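The next block holds one structure in the form of structure tokens; read it before the comments.
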Amino acid sequence: MSIQKIARLAGVSVATVSRVLNNSDTVKAKNRERVLQAIKESNYQPNLLARQLRTARSNMILVMVSNIANPFCAEVVKGIEEEAEKNGYRILLCNSGSDWPRSTSGLQLLSGKMVDGIITMNALSSLPELTTMIGDAPWVQCAEYADTGSISCVGINDVEAAQGRYPGWPIAGRRRIALINHDLSYRYARLRERGYKSVLHVHGLAYQQVTYAQDLSAAAGKRAMEQLLSQDEKPDAVFAVSDSLAAGALRAIAQAGLRVPGDIAVIGFDGTELAEVVSPQLTTVEQPSRAIGRTAVSLLMKTHRRSRRCRRAGDDGLARDRPRQRLRISGRRRRSAREYRCRWAFDECVSQTHPPQRRHGRKYPPGSPHIPPIPRCW
Numbered sequence: 005m006s007i008q009k010i011a012r013l014a015g016v017s018v019a020t021v022s023r024v025l026n027n028s029d030t031v032k033a034k035n036r037e038r039v040l041q042a043i044k045e046s047n048y049q050p051n052l053l054a055r056q057l058r059t060a061r062s063n064m065i066l067v068m069v070s071n072i073a074n075p076f077c078a079e080v081v082k083g084i085e086e087e088a089e090k091n092g093y094r095i096l097l098c099n100s101g102s103d104w105p106r107s108t109s110g111l112q113l114l115s116g117k118m119v120d121g122i123i124t125m126n127a128l129s130s131l132p133e134l135t136t137m138i139g140d141a142p143w144v145q146c147a148e149y150a151d152t153g154s155i156s157c158v159g160i161n162d163v164e165a166a167q168g169r170y171p172g173w174p175i176a177g178r179r180r181i182a183l184i185n186h187d188l189s190y191r192y193a194r195l196r197e198r199g200y201k202s203v204l205h206v207h208g209l210a211y212q213q214v215t216y217a218q219d220l221s222a223a224a225g226k227r228a229m230e231q232l233l234s235q236d237e238k239p240d241a242v243f244a245v246s247d248s249l250a251a252g253a254l255r256a257i258a259q260a261g262l263r264v265p266g267d268i269a270v271i272g273f274d275g276t277e278l279a280e281v282v283s284p285q286l287t288t289v290e291q292p293s294r295a296i297g298r299t300a301v302s303l304l305m306k307t308h309r310r311s312r313r314c315r316r317a318g319d320d321g322l323a324r325d326r327p328r329q330r331l332r333i334s335g336r337r338r339r340s341a342r343e344y345r346c347r348w349a350f351d352e353c354v355s356q357t358h359p360p361q362r363r364h365g366r367k368y369p370p371g372s373p374h375i376p377p378i379p380r381c382w
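Numbering (the working numbering), first residue to last: 5 to 382.
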């Protein structure tokens, strides 16, 4: 089956079929549907190598993650893959961690034109060396990103998330709140610790204990919790920066003969399926992981189209004008057994000076008198 036969079946020109195959946005919706239907009925498989040579595009996206075994990373990658397929792209996954040589090896795919863009999710995102190697290629920093710069990014407000200002927060009223954190080379770890310490300062809590896990595994969380329990003054609440660490903390508490949440309340972060399978069920701050991944791809597609237009126009300056974009968050609660799960709603309106406030699924304008006061949790 050739592209000419596809054009005859769909009743369109060969050029239109070519534009559909190359994911051009200049094709009318009805013509696109006819071409896609003809491709489906004829089981047409384009020659990807020939198309890459002709268009100088690979329709591949390089995704660099810190650890694909992390359930949160896995969920974000699922969102990336779903949105990439909708746009006619495939992904190449590089499980780089914080290993610079391994990351460099993955970036060679970019310099060799084997991928059209890159999405990074690791601690190396903020390194100047990475920026130099990637150059003007379409790039989106996802979940883990630099504090400054012009590279587009997608993420949440980690400081605000760690402060836990939500009704029903299960560690409200606790006086000895500990933190199980990860490596401070990660931006999210630094920001969540900042949010944790700010709450202690606001409420005048003198107790402050932070332990650092070597990785985000349940075993590392268990070791960190055992360290906290070995102290003379034990915590009555623990906030962990990931669900995996919190699951390990639950195991250590159970082995010590203590009850959750009676003796020690435990809060996780990410909202992965792990929070629902542990016993007791884990209270967790749920990130919109799939939405983060999908938005990263959408932003990458916009950047890619902009850079192509700039290359045709001969203006390199516009290709570097990459607006920073983030996912805003708003708290919403949902009962899960005896505890609450804090969910994050997806809000793309990042340019609003006063974003709408949400309570219990309803939307109120800023300053509305109908908004009940949100209590200070913790």
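C-beta atoms are modelled at their ideal positions from N, C-alpha and C, and glycine is treated no differently. Model, not experiment: these values are computed from the prediction.
Using CA coordinates, which residue listed in the options is at the minimum distance from residue i?
| i | options | result |
| --- | --- | --- |
| Pro75 | Ser293, Arg309, Leu303 | Ser293 |
| Gly272 | Val203, Asn35, Leu286 | Leu286 |
| Ser221 | Pro142, Ala73, Pro284 | Ala73 |
| Ser70 | Asp140, Asp187, Val31, Glu45 | Asp187 |
| Leu278 | Glu197, Asp247, Tyr190, Gln291 | Asp247 |
| Arg309 | Thr30, Arg12, Arg263 | Thr30 |
| His207 | Arg196, Tyr190, Gly177, Asp236 | Gly177 |
| Arg196 | Ala210, Asn161, Glu237, Gln218 | Asn161 |
| Ile268 | Ile175, Gly199, Arg298 | Ile175 |
| Val144 | Cys157, Ser302, Thr136 | Cys157 |
Do you know how far the Cα of residue j is from the Cα of residue i?
| i | j | result |
| --- | --- | --- |
| Arg180 | Pro239 | 5 Å |
| Ile10 | Val18 | 8 Å |
| Arg315 | Ala42 | Low per-residue confidence applies at Arg315: pLDDT is 43, beneath 50, and the placement is therefore not dependable, though the value from the model is reported in the following sentence. Approximately 33 Å between the Cα atoms of the pair. |
| Ala14 | Ser22 | 12 Å |
| Asn91 | Leu304 | 11 Å |
| Pro284 | Ala166 | 21 Å |
| Glu164 | Gly83 | 24 Å |
| Thr276 | Glu79 | 8 Å |
| Lys306 | Pro142 | 9 Å |
| Ala300 | Ser234 | 42 Å |
| Lys226 | Ala88 | 37 Å |
| Gln361 | Val270 | Residue placement at Gln361 is flagged as unreliable, the pLDDT there being 36, under the threshold of 50; a coordinate-derived value is accordingly withheld. |
| Asn63 | Ala147 | 23 Å |
| Leu262 | Asn185 | 22 Å |
| Glu280 | Pro265 | 15 Å |
| Ser100 | Met68 | 6 Å |
| Leu209 | Thr215 | 18 Å |
| Asn27 | Ile123 | 20 Å |
| Glu45 | Thr20 | 18 Å |
| Asp120 | Asp140 | 11 Å |
| Val203 | Leu232 | 20 Å |
| Arg38 | Ser6 | 16 Å |
| Lys34 | Leu40 | 10 Å |
| Thr136 | Ser189 | 20 Å |
| Val282 | Glu86 | 28 Å |
| Ala323 | Gln8 | Residue placement at Ala323 cannot be trusted, given a pLDDT of 30 that sits under 50; what the coordinates show is reported in the next sentence. When rounded, the distance between both Cα atoms is 35 Å. |
| Lys32 | Asp219 | 49 Å |
| Ser302 | Ile155 | 14 Å |
In the DSSP output, what is residue i paired with across the bridge?
| i | result |
| --- | --- |
| Phe273 | Val289 |
| Leu97 | Val67 |
| Val242 | Ala182, Val270 |
| Thr307 | For Thr307, which the question treats as bridged, DSSP gives no partner whatsoever. |
| Ile72 | Looking at the DSSP assignment, Ile72 forms no beta bridge with any residue, so it has no partner. |
| Val144 | Ile123, Ser156 |
| Gln235 | DSSP output for Gln235 lists no bridge partner at all. |
| Val214 | Leu183 |
Hey, would you say residue i sits closer than 9 Å to residue j, going by beta carbons?
| i | j | result |
| --- | --- | --- |
| Tyr48 | Ile65 | no |
| Gly159 | Ile296 | yes |
| Gln212 | Lys201 | yes |
| Ala228 | Thr288 | no |
| Val245 | Ala193 | yes |
| Val242 | Ala224 | no |
| Asp274 | Gln259 | no |
| Ala256 | Glu230 | yes |
| Arg198 | Tyr149 | no |
Round the Cβ separation of residue i and residue j to the nearest angstrom and send it over; I've been treating them as touching at under 8 Å.
| i | j | result |
| --- | --- | --- |
| Cys77 | Met125 | 6 Å |
| Val81 | Leu96 | Their Cβ separation, rounded to whole angstroms, is 11 Å, which puts Val81 and Leu96 out of contact at 8 Å. |
| Val24 | Arg36 | 5 Å |
Taking Cβ positions only, does residue i come closer than 9 Å to chain B?
| i | result |
| --- | --- |
| Leu25 | Note that chain B does not occur in the displayed structure, where there is just one protein chain. |
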